[in-house]
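S.K.: Residue numbers (the working numbering), protein chains in the order written: chain A, 1 to 402; chain B, 1 to 402. Quick reminder that beta carbons are idealized off the backbone N, C-alpha and C, glycines included. Model, not experiment: these values are computed from the prediction. Here it is: the structure, laid out below.
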């Protein structure tokens, strides 16, 4: 029997306990051994929940418990999650986590500690919720040089953009509705400003190249500037607006960004709507591979955590190499990255001349607004765009995914 | 260094050699060791190919070569592939194969032999070409009871149906064009009659439940009866016709079939067109997960084989449990499985009365044909459908995916 301790009895942690209990037969068959939750760490008590019998308030009890071979970390946040995970690994316990902040910040260090102690640090649930992506990227795509990763990595923002597209509503009212439905947090900043997607693309990109990409170095733009007018233009262009976390190999460097992008019908992620997430990976041999599913939610995310627990149960005291060094990934400066830009400007003779002077001849995109028009640039660098845009008053710009 | 022998220097086999050579640096980093192709078995010679230096014509040379730790089987067909794979495993060599016929027929036996000899029998490339599906099903979805698998598992038929849909062409001319383009074999039987998809869904279903599902027991219907008129009706119904290999848990039994189905825009596989494949898996915890990519092709399939080679290189002399017993899966008789059926019949007062008598009141689906009309049944069992259909002369019927 493999004994597990769960740190944090919140949404995901309680989902982990539920799955291990509900699917016990299947899990035992597949793991080759029974898996039992021996203790749950939480500061709170849960008097009406059978879990109360195994609630522990002091992490030290778990750290010292030699029967516990696997620690599940579902507390979230950096501290004390980092300290607890580190101490668990150093005590010879493997750790399975859903904590993207922890993985993005401390991935290489925790993997190194795990290797040193012949245990594992696993984090399938940290990106894409229930979608298998970490393990496929590490193992299934191992023969391939990864050329590109494009992910709809945040369900809240995908839901908001989908609703704006389908109902023509404005950002604020859709956000409010999403909050009422529980699809968006009371403080939605991490989602709508792209910070959540940023940590996820940092993790995927670091794993793809085996080097550290700091999330702070990734240009990150949320969806708060997207208005109902942008949606009208997008339809006019036969496109949808989706926010991507993406990275791309360009020569010896890698570009990475989080930003809303325009995509047209041929794009494999065009029909990924609502709260769903999807990740497209291009390998130099395998071509395009896409993974789709629920990017969040109690049981979907918990299922990913438990898949790590089962995998770990089959690899007790065997470190499964994960390539992710401290060495910094060579990031291409944003200035040098190229896109086609969709640009909106005010209407007027002077502005039209200024646009032509700055961007060259452009074909106006008309979406029925008397006070403004749009246009699409050639593929130009961010630097060239900024220089040209400095000469006209831009209402908003959105990149085409290219 | 890990030494590999490749059996069969055809499309996939030469792709494996190419990837191991071209992506050598990446593969060495990820496997933790250099991987080298030591010998290639083929009856032919390849005088203009550097491979000629390591061509072997006698399998015994490879079997006896103690340096060879991994055998890649890309010969296809059942014999001598079966004998060579079995002998390789018995000689303590792990085997990675792309051969779906071999896996569907001999999966449990070869897995058992592998386990006995502490080696592995791996077959990621046998289903879905470059799409990671075998490993995600075994590992990532291990916490879940699998409720349903629906796969567009054959690129040739998906291409044909897509072309018929987009161009309104008839089956024969699209098949001919597909053959000219190399998307269909000269003898296309295995693809268009659904035999290829049948073996693939047999493998996926066996793995999902850990018991043997014989492909011969799966009701299999190809796409040869689909006409351009069916496509016109499908459009009228807001649907596309796609051929699925599918299986579904119903109580304690599992239903399985290969057949063309009508799917509408909300279906996650609706936009999977052309030669692409996709597989939707429903878990009882994780919900819907979908995998998409190139289901065939030299380098895509070879990439899947090489992912197995790398995985094996990290598990030398460690058997990775794969649950797939000899025990037969409890298959639900076709008669008891229920669908909504789209049915086409000739026009005429007598026929209309016969339809009403047999199927009850139905709303006609008109697609502009003066000599026939269609209708959609309630959800009824196959048995009920057959009984009713026996009373009217049916031109064609297509199931809705449900």
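#1: If you draw a straight line from the C-alpha of residue 328 (chain B) to the C-alpha of residue 212 (chain B), how long is it?
#2: Taking any Cβ of chain A, which residues in the region 237 to 266 of chain B have a Cβ under 8 Å from it, in chain order?
#3: 8 Å is my cut-off, CB to CB: does residue 292 (chain A) come that close to chain B?
#4: Short of 7 Å in beta carbon distance, which residues of its chain neighbour residue 174 (chain B), apart from the five on each side in sequence? Order them along the chain.
#5: If residue 242 (chain B) and residue 263 (chain B) are in contact, beta carbons under 8 Å, what's the gap, nearest whole angstrom?
#6: Does any residue of chain A have a CB that is nearer than 8 Å to the CB of residue 286 (chain B)?
#7: Indicate whether at least one CB of chain A lies closer than 8 Å to the CB of residue 23 (chain B).
#8: What residues of chain B sit near residue 314 (chain A), judged by a beta carbon separation below 8 Å?
#9: In three-state DSSP terms, what is residue 273 (chain A)?
#10: Near residue 346 (chain B), what residues of its chain come up, given a Cβ to Cβ distance below 6 Å and the 5 sequence neighbours on each side ignored?
#11: Which term fits residue 24 (chain A), buried or exposed, when burial requires 16 or more other beta carbons within 10 angstroms of its beta carbon?
#12: Out of B:218, B:292, B:375, B:152, which has the shortest C-alpha to C-alpha gap to residue 361 (chain B)?
#13: If residue 146 (chain B) sits next to residue 258 (chain B), beta carbons under 8 Å apart, how far is it from one beta carbon to the other, in whole angstroms?
#14: Restricting to Cα atoms, I'd like to know which of A:103, A:113, A:110, A:116 is closest to residue 127 (chain A).
#15: Where are the beta strand (DSSP E) runs, 3 residues long or more, that stay fully inside the region 35 to 83 of chain A, in chain order?
#16: With contact counted as at least three CB pairs below 8 Å, one residue from each stretch, are the region 176 to 186 of chain A and the region 284 to 293 of chain A in contact?
#17: Could you give the first and the last residue of the continuous alpha helix (DSSP H) run that contains residue 173 (chain A)?
#18: Cβ of residue 237 (chain B) within 7 Å of any heavy atom in the ligand SAM?
#19: Tell me, please, whether the CB atom of residue 127 (chain B) is closer than 8 Å to any CB atom in chain A?
#20: List, in order along the chain, the chain B residues whose C-beta lies closer than 7 Å to that of residue 130 (chain A)?
#21: With a Cβ-Cβ cutoff of 8 Å, do residue 36 (chain A) and residue 45 (chain A) count as a contact?
#22: If you drop the 5 nearest sequence neighbours on each side, which residues of the same chain put their C-beta closer than 7 Å to that of residue 78 (chain A)?
#23: Would you mind telling me which residues of chain B sit closer than 8 Å to residue 299 (chain A), beta carbon to beta carbon, in chain order?
#24: Which residue marks the beginning of the alpha helix (DSSP H) containing residue 200 (chain B), and which one marks its end?
#25: Kindly indicate the opening and closing residues of the alpha helix (DSSP H) around residue 288 (chain B).
#26: Could you work out which residues of chain A lie near residue 306 (chain B), taking near to mean beta carbons separated by less than 9 Å?
#27: Thinking C-beta only, is residue 195 (chain B) closer than 8 Å to residue 220 (chain B)?
#28: Let me see if you follow: with CB-CB separation under 8 Å, is residue 80 (chain A) close to chain B or not?
#29: Enumerate in chain order the residues of its own chain whose CB-to-CB distance from residue 133 (chain B) is below 6 Å, with the five nearest sequence positions on each side excluded.
#30: Please state whether DSSP places residue 158 (chain B) in a helix, a strand or coil.
#31: To which residues of the same chain is residue 268 (chain B) closer than 7 Å at the C-beta, ignoring the five residues directly before and after it?
#32: Taking only beta carbons into account, state which residues of the region 24 to 45 of chain A come closer than 7 Å to chain B, listed in chain order.
#33: Can at least three beta-carbon pairs, one atom from the region 309 to 328 of chain B and one from the region 58 to 70 of chain B, be found at a separation below 8 Å?
#34: Taking Cβ-Cβ distances below 7 Å as the criterion, which residues of the region 102 to 114 of chain A are in contact with chain B?
#35: Could you name the residues that DSSP lists as bridge partners for residue 151 (chain A)?
#36: Look up residue 184 (chain B) in the DSSP assignment and say whether it is helix, strand or coil.
M.R.: In short, the structure shows the following:
#1: Each residue's Cα considered, the two are about 5 Å apart.
#2: Going along the region 237 to 266 of chain B in chain order, one finds no residue with a Cβ nearer than 8 Å to chain A.
#3: By this cut-off, residue 292 (chain A) is an interface position.
#4: Closer than 7 Å at the Cβ level, and outside the excluded window around residue 174 (chain B), lie 160, 163, 164.
#5: Indeed they touch by this definition, with Cβ atoms about 6 Å apart.
#6: Residue 286 (chain B) has a beta carbon lying within less than 8 Å of a beta carbon in chain A.
#7: So yes, residue 23 (chain B) belongs to the interface.
#8: Residues of chain B passing the Cβ test: 320, 321.
#9: Of the three classes helix, strand and coil, the one that applies to residue 273 (chain A) here is coil, per DSSP.
#10: So the qualifying residues of the chain are 372.
#11: Under the 10 Å beta carbon count, residue 24 (chain A) is surrounded by fewer than 16 other beta carbons and is classified as exposed.
#12: Nearest option by C-alpha distance: B:375.
#13: Contact between residue 146 (chain B) and residue 258 (chain B) does not hold, since their C-beta atoms are separated by about 18 Å, which reaches or exceeds 8 Å.
#14: Restricting attention to A:103, A:113, A:110, A:116, the CA atom closest to the CA of residue 127 (chain A) is found in A:103.
#15: You should have 35 to 41, 68 to 73.
#16: No: fewer than three Cβ pairs fall under 8 Å.
#17: For residue 173 (chain A), the uninterrupted alpha helix (DSSP H) segment begins and ends at 171 to 181.
#18: Here there are no bound small molecules, and the ligand SAM is not part of this structure.
#19: So no, residue 127 (chain B) is outside the interface.
#20: Neighbours of residue 130 (chain A) across chain B, judged by C-beta separation under 7 Å: 286, 287, 289.
#21: No.
#22: So the qualifying residues of the chain are 101, 102, 105.
#23: Neighbours of residue 299 (chain A) on chain B, chain order: 285, 286, 287.
#24: In the DSSP assignment, residue 200 (chain B) falls within the alpha helix (DSSP H) that extends over 195 to 209.
#25: For residue 288 (chain B), no alpha helix (DSSP H) segment is defined; the enclosing uninterrupted segment is the beta strand (DSSP E) at 287 to 294.
#26: Going along chain A in sequence order, the residues near residue 306 (chain B) (Cβ under 9 Å) are 142, 143, 144, 285.
#27: Yes. Within cutoff.
#28: Residue contact check for residue 80 (chain A) against chain B: no CB pair falls below 8 Å.
#29: So the list reads 127, 279, 291, once near-sequence residues are dropped.
#30: Three-state result, residue 158 (chain B): helix.
#31: Counting only Cβ-Cβ distances below 7 Å, and skipping sequence neighbours, we find 280, 288, 290.
#32: Flagged, chain order: 26, 27, 29, 30, 32.
#33: Look at the beta carbons and you see the region 309 to 328 of chain B touching the region 58 to 70 of chain B: at least three pairs across the two are nearer than 8 Å.
#34: Residues of the region 102 to 114 of chain A that bring their beta carbon within less than 7 Å of a beta carbon in chain B are absent altogether.
#35: DSSP output for residue 151 (chain A) lists A:245, A:279 as bridge partner(s).
#36: Three-state result, residue 184 (chain B): coil.
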